[in-house]
Amino acid sequence: MSDGVGEARPEAEGELALARIALDSGEARHAATHAGNAIASDPTLRDAYGLLDQLAAAGDVLSCFPVGGRVHVGSAAARSYLLARQGALDEAFGLLCQAAAMMPGTPWAAGWLAAPGASVTSLASRMDPARASAALHRLAMSLPDPADDAAIAALRPFLDVARHVVTACPGRADFLSLLSALARRLGAHEEAIAWTQRAERAAPSFISAVMLGYALRSAGRYDEAHKAWVRALGRNPSDVDLRVDIGELLVTRGRLDDGIRWLEEGLALEPDHPKAFPSACGVRYLRDNDITHLVTLADWWRAHPGHDYADVILGKVCQGRPWLGQVPWPTEAVSHMLRSVIDGGRDLAAMREETVRLTLSALEVPSAVAAARAALPGLCYAADPPAPAPDIRVPLGSVRYRLWTYSGVEATPAVPAPSPAAIAALHAASAGGWPAHPVAAYDAALPLAGLAVDDLLGLMARVPPPPGTPEWRDVHAIDPGYWPRTAQAWACLGLLHHKPDEPWPASTRRAVLVDLTRGVEDWATDAAMYALVTAAWADPAIRADVVGLIGYRLLDGIKAKERREVTIIEPMAHLTLATPDMDRGVVALVRDFLKVMAGPDEAGPAPKDGARARRGLFRRR
Numbered sequence: 012m013s014d015g016v017g018e019a020r021p022e023a024e025g026e027l028a029l030a031r032i033a034l035d036s037g038e039a040r041h042a043a044t045h046a047g048n049a050i051a052s053d054p055t056l057r058d059a060y061g062l063l064d065q066l067a068a069a070g071d072v073l074s075c076f077p078v079g080g081r082v083h084v085g086s087a088a089a090r091s092y093l094l095a096r097q098g099a100l101d102e103a104f105g106l107l108c109q110a111a112a113m114m115p116g117t118p119w120a121a122g123w124l125a126a127p128g129a130s131v132t133s134l135a136s137r138m139d140p141a142r143a144s145a146a147l148h149r150l151a152m153s154l155p156d157p158a159d160d161a162a163i164a165a166l167r168p169f170l171d172v173a174r175h176v177v178t179a180c181p182g183r184a185d186f187l188s189l190l191s192a193l194a195r196r197l198g199a200h201e202e203a204i205a206w207t208q209r210a211e212r213a214a215p216s217f218i219s220a221v222m223l224g225y226a227l228r229s230a231g232r233y234d235e236a237h238k239a240w241v242r243a244l245g246r247n248p249s250d251v252d253l254r255v256d257i258g259e260l261l262v263t264r265g266r267l268d269d270g271i272r273w274l275e276e277g278l279a280l281e282p283d284h285p286k287a288f289p290s291a292c293g294v295r296y297l298r299d300n301d302i303t304h305l306v307t308l309a310d311w312w313r314a315h316p317g318h319d320y321a322d323v324i325l326g327k328v329c330q331g332r333p334w335l336g337q338v339p340w341p342t343e344a345v346s347h348m349l350r351s352v353i354d355g356g357r358d359l360a361a362m363r364e365e366t367v368r369l370t371l372s373a374l375e376v377p378s379a380v381a382a383a384r385a386a387l388p389g390l391c392y393a394a395d396p397p398a399p400a401p402d403i404r405v406p407l408g409s410v411r412y413r414l415w416t417y418s419g420v421e422a423t424p425a426v427p428a429p430s431p432a433a434i435a436a437l438h439a440a441s442a443g444g445w446p447a448h449p450v451a452a453y454d455a456a457l458p459l460a461g462l463a464v465d466d467l468l469g470l471m472a473r474v475p476p477p478p479g480t481p482e483w484r485d486v487h488a489i490d491p492g493y494w495p496r497t498a499q500a501w502a503c504l505g506l507l508h509h510k511p512d513e514p515w516p517a518s519t520r521r522a523v524l525v526d527l528t529r530g531v532e533d534w535a536t537d538a539a540m541y542a543l544v545t546a547a548w549a550d551p552a553i554r555a556d557v558v559g560l561i562g563y564r565l566l567d568g569i570k571a572k573e574r575r576e577v578t579i580i581e582p583m584a585h586l587t588l589a590t591p592d593m594d595r596g597v598v599a600l601v602r603d604f605l606k607v608m609a610g611p612d613e614a615g616p617a618p619k620d621g622a623r624a625r626r627g628l629f630r631r632r
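In terms of the working numbering, the sequence shown has 182 at position 171, counting the first letter as 1, and numbering is strictly consecutive.
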């Protein structure tokens with residue numbers, strides 16, 4: 012945007028052209044609206060500010076840019092420019108910070124604070140330091156810690172204002188502490204530390220020590236941050252939020268038990284604290300690898316819907332974990348074949364007309380073969396693969412709802428193609444990526460509510476192409492099997508919202524999901540199991556039923572694994588561990604089974620994954 016490239020500059024110039032037409036027609040208010048839209052599209056477009064100058068010369072243009080209620084970012088930036096033009100720099104800067112908070116990666120300072128020929132230092136010297144500090148602190152609180160590269164570049168002039176305030180008011184501990192929040196988020200770690208240290212010397216307080224701890228933590232000086240926060244707590248022993256910060260800091264350093272002790276101190280002071288309770292549940296899960304802690308957190312969140320830190324903790328703890336935070340990648344030989352073709356530099360699109368003969372040591376799940384044939388329509392068996400017992404083509408019981416029918420070793424869809432509306436609903440649900448945790452997954456499948464069962468099954472057996480987003484294009488180019496695997500999981504989540512008024516035991520949604528888990532062995536098996544587990548997370552009343560369904564299906568899978576390959580056995584095992592109230596004996600069995608599957612080098616909870624989870628778990632925004 013700052014270079015005027017891409018779509019931003021043409022869109023801004025189009026709005027500016029409309030503004031000029033309106034101005035020539037005597038419609039000043041419409042001209043002002045389009046000028047504000049132009050600035051919102053590209054704040055570096057100087058001609059848009061020139062048009063504002065014309066409007067200001069003709070009359071009162073400020074009234075065209077109201078700031079009450081929900082402010083449009085272009086209106087805030089335009090009004091900020093006009094106020095700065097009048098010399099009302101304090102109000103102008105406050106509005107500019109407001110615009111930057113809404114879109115921090117956009118160069119809003121180009122309007123007047125860092126316009127060609129402008130001096131940030133000179134302008135800052137004419138502002139009230141207290142008002143500038145307050146505005147900059149509000150901006151800082153809207154940013155992640157740390158901010159991304161685009162925000163750091165765009166907000167550099169704002170940091171220069173903070174530096175001027177620090178230079179002009181070296182003894183003001185309150186300003187120093189407030190401004191350090193922006194400095195650390197924008198990567199100026201040494202300055203943030205220096206400012207907070209100066210604040211501590213000038214006027215030691217709870218806030219000065221807390222902000223020093225934040226600055227030290229952002230710079231990676233964790234032991235010093237810990238000491239600063241303990242010192243701050245001595246000045247305000249009843250503060251629970253700081254105990255949460257201390258506990259989470261210790262967890263990121265691998266000191267889980269110490270971290271839990273601090274969190275439990277906070278909970279003793281405030282049992283339902285909106286951050287201490289979620290944090291404690293997350294850390295206990297990291298320590299014990301017991302899903303009970305996360306289910307407890309989900310239940311607590313349902314009872315305290317306004318406490319969104321539960322969402323944050325669930326998302327971070329579940330990140331990267333099979334089914335909890337992502338759909339497992341395909342592991343079948345036919346899927347490996349596709350990836351090896353891609354890794355070898357072959358163009359799948361160019362191979363679509365070729366005959367590709369595949370030799371398999373055993374028949375593989377039908378969805379994996381269908382995904383491979385969608386990428387390579389000429390794929391065929393060099394010889395019929397064997398189907399060792401227990402035969403994956405044979406359901407585990409009598410089922411009404413089925414995805415596939417077999418003729419020999421060839422599987423064909425047993426359901427019609429999904430409707431265009433169903434495909435659109437699937438794309439709408441999945442465009443943003445996989446949900447962060449099971450609670451979010453249940454809610455994210457709402458766009459699929461109302462679809463007929465045949466449509467949902469059709470989405471699974473006749474998977475449409477992925478959404479046209481850049482993210483899905485990239486994933487599909489790496490592994491064409493991952494979208495079909497994910498689409499089936501979405502469709503099963505959609506089944507959870509099918510006729511939700513039907514009581515669970517006799518509901519259609521339960522019947523379909525149970526049939527999919529008990530039907531022919533397939534990706535649909537663990538996708539349906541995941542939906543059942545998600546339903547149990549959402550509804551405590553059905554947990555006992557889901558425990559039986561998941562536990563017995565997993566045991567059937569382990570028995571089959573003793574005689575032949577079961578490519579979905581590990582995802583099924585992880586789902587069993589994710590099931591609320593699962594029998595402790597089954598949990599112990601599954602953990603032992605996963606240790607054997609992983610081999611001696613990976614015994615126990617995966618240390619690399621655990622360390623990554625601890626490092627990324629607690630990042631303040």
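No residue lacks a Cβ here, since even glycine has one placed at the ideal position from N, Cα and C.
Bounds of the alpha helix (DSSP H) holding residue 221 are 217 to 229.
Residue 119 and residue 288 have their C-alpha atoms some 39 angstroms from each other.
Bounds of any beta strand (DSSP E) do not take in residue 532, whose DSSP letter is neither H nor E. In the structure shown, residue 400 falls within a coil segment according to DSSP collapsed to helix, strand and coil. Straight-line measurement puts the Cα of residue 433 at about 57 angstroms from the Cα of residue 185. For residue 197 against residue 158, the beta-carbon gap comes to about 6 angstroms, under 8 angstroms, which counts as contact. The criterion of a C-beta distance shorter than 8 angstroms is not satisfied by residue 414 and residue 429. For a cut-off of 8 angstroms, the C-beta gap from residue 257 to residue 295 is around 17 angstroms, too long to register as a contact.
Going by DSSP, residue 501 is part of no beta strand (DSSP E) but of the alpha helix (DSSP H) stretching over 493 to 506. Annotated three-state conformation of residue 134 is helix, per DSSP. The three-state reading of DSSP puts residue 595 in helix, counting H, G and I together.
Taking C-beta separations shorter than 6 angstroms and ignoring five residues to either side along the sequence, the partners of residue 116 in its chain run 161, 162, 165, following chain order. In the DSSP assignment, residue 416 is bridged to 423. Minimum Cα-Cα distance from residue 325 among the listed residues 315, 290, 348, 353 corresponds to 290. For residue 592, the closest of 452, 173, 310, 202 by C-alpha to C-alpha distance is 310. If you draw a straight line from the Cα of residue 525 to the Cα of residue 539, it comes to about 7 angstroms. The C-alpha of residue 588 lies about 7 angstroms from the C-alpha of residue 601. Contact check between the stretch 474 to 481 and the stretch 515 to 522: fewer than three CB pairs, one atom from each, fall below 8 angstroms, which does not count as touching. Between residue 49 and residue 56, the C-beta gap is smaller than 8 angstroms, which places the two residues in contact. The beta strand (DSSP E) runs lying completely inside the stretch 415 to 489 and spanning 3 residues or more are 415 to 418, 421 to 424, given in chain order. Distances from the CA of residue 209 to each of 35, 217, 195, 187 were compared; the closest alpha carbon is that of 187. Apart from the 5 residues on each side of it in sequence, residue 180 sits with its Cβ closer than 7 angstroms to the Cβ of 140, 186 in its chain, given in chain order. The beta carbon of residue 560 sits closer than 7 angstroms to the beta carbons of 525, 528, 543 from its chain, once the five residues preceding and following it are set aside; these are given in chain order.
Relative to the Cα of residue 567, the nearest Cα in the group 536, 548, 203 belongs to 536. By the neighbour-count criterion, in which 16 or more other beta carbons inside 10 Å mark a residue as buried, residue 254 falls on the buried side.
In summary, residue 32 is exposed, with fewer than 16 beta-carbon neighbours lying within 10 Å of its beta-carbon over all protein chains present. Separation of residue 610 and residue 283 (C-alpha to C-alpha, rounded to the nearest whole angstrom) is 41 angstroms.
Bounds of the beta strand (DSSP E) holding residue 390 are 390 to 392. A straight line joining the alpha-carbon of residue 392 with that of residue 350 spans about 18 angstroms.
Selection 412, 292, 511, 205 evaluated against residue 174 yields 205 as nearest (Cα-Cα).
Segment contact: the stretch 432 to 449 against the stretch 398 to 410, fewer than three CB-CB distances shorter than 8 angstroms; contact not assigned. 92 is the residue among 92, 328, 86 whose C-alpha sits nearest the C-alpha of residue 123.
Sequence-distant Cβ neighbours of residue 42 in its own chain, meaning closer than 6 angstroms and more than five residues away, are 30, 33, 34. It is roughly 51 angstroms from the alpha-carbon of residue 339 to the alpha-carbon of residue 142. By the neighbour-count criterion, in which 16 or more other beta carbons inside 10 Å mark a residue as buried, residue 514 falls on the exposed side. Distance from the CA of residue 84 to the CA of residue 110, rounded to the nearest whole angstrom, comes to 5 angstroms.
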